Structure formats: C-alpha cells, structure tokens
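First comes the structure, then the notes that go with it.
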Amino acid sequence: MSVTVLPITSKLVSAPLFRVTLQPSAENGLQKPSQVMVDKAMTVMRENVGSVFGRVNPEALLEVERCLTVFLGIAK
0 MSVTVLPITS
10 KLVSAPLFRV
20 TLQPSAENGL
30 QKPSQVMVDK
40 AMTVMRENVG
50 SVFGRVNPEA
60 LLEVERCLTV
70 FLGIAK
C-alpha cells in the first residue's frame, strides 16, 4: 500500500505559495527552522515511511492544506 507524503527540508527558500515554514519546538521535533515542501508531494510505499518524530500544530497544518489546494488548483 502507498501513501502520499509532503517532505520537510531545512534548506529554506522564499516560496510562500509552495513552502510552509515551521519553527522548531518540542511538539514538532524539529532541530532547526524547516519548510514543508508542498510542491514536492510524492507517493511512497508505506514501509518506506520513517517513524513519527513530532506533530504539526493545527494552525500550521491549516496553512499546509491551504497551500496544497492552491498548488493543486482546487482552491475556491
């Protein structure tokens, strides 16, 4: 079975429509500022997905969802 993932990178770029910046916190488990790469969504086999290292807060997740709908062209 496969799942769709949005990679996270610590190489920050200025692309506010495609990248959501996350600051490190105990909750999300990040070590340095990072970005969710909405423009790099990919499908991978479930067994190739690593373990959970943290959770994204609801506000950041909403921003990821908004950027994803714009990127996919399904925004209203």
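No gaps in the numbering here: position 71 of the sequence shown is 70 in numbering that gives the first Met the number 0, and each next residue is one more. Where a beta carbon is used, it is the ideal one built from N, C-alpha and C, also for glycine. Everything numeric in this text was worked out from a predicted model, so none of it was measured.
query                                                                                                                                                                               : result
How would you call Ser33, buried or exposed, if buried means at least 16 neighbouring beta carbons within 10 angstroms?                                                             : buried
Helix or strand or just coil, what does DSSP make of Arg54?                                                                                                                         : coil
Might you give, ordered along the chain, the residues of its own chain that have their beta carbon closer than 7 Å to the beta carbon of Met27, omitting 5 neighbours on each side? : It should be pointed out that residue 27 corresponds to Asn in this sequence rather than to Met. Once the five neighbours on either side are set aside, the close Cβ partners of Asn27 are Leu21, Gly53, Arg54 and Val55.
Considering only residues of the same chain and omitting the five flanking positions on each side of Val12, which have a CB-CB separation below 8 Å?                                : Arg18 and Gln34
Can you tell me which of Leu16, Met0, Lys31 and Thr3 puts its alpha carbon nearest to the alpha carbon of Lys10?                                                                    : Lys31
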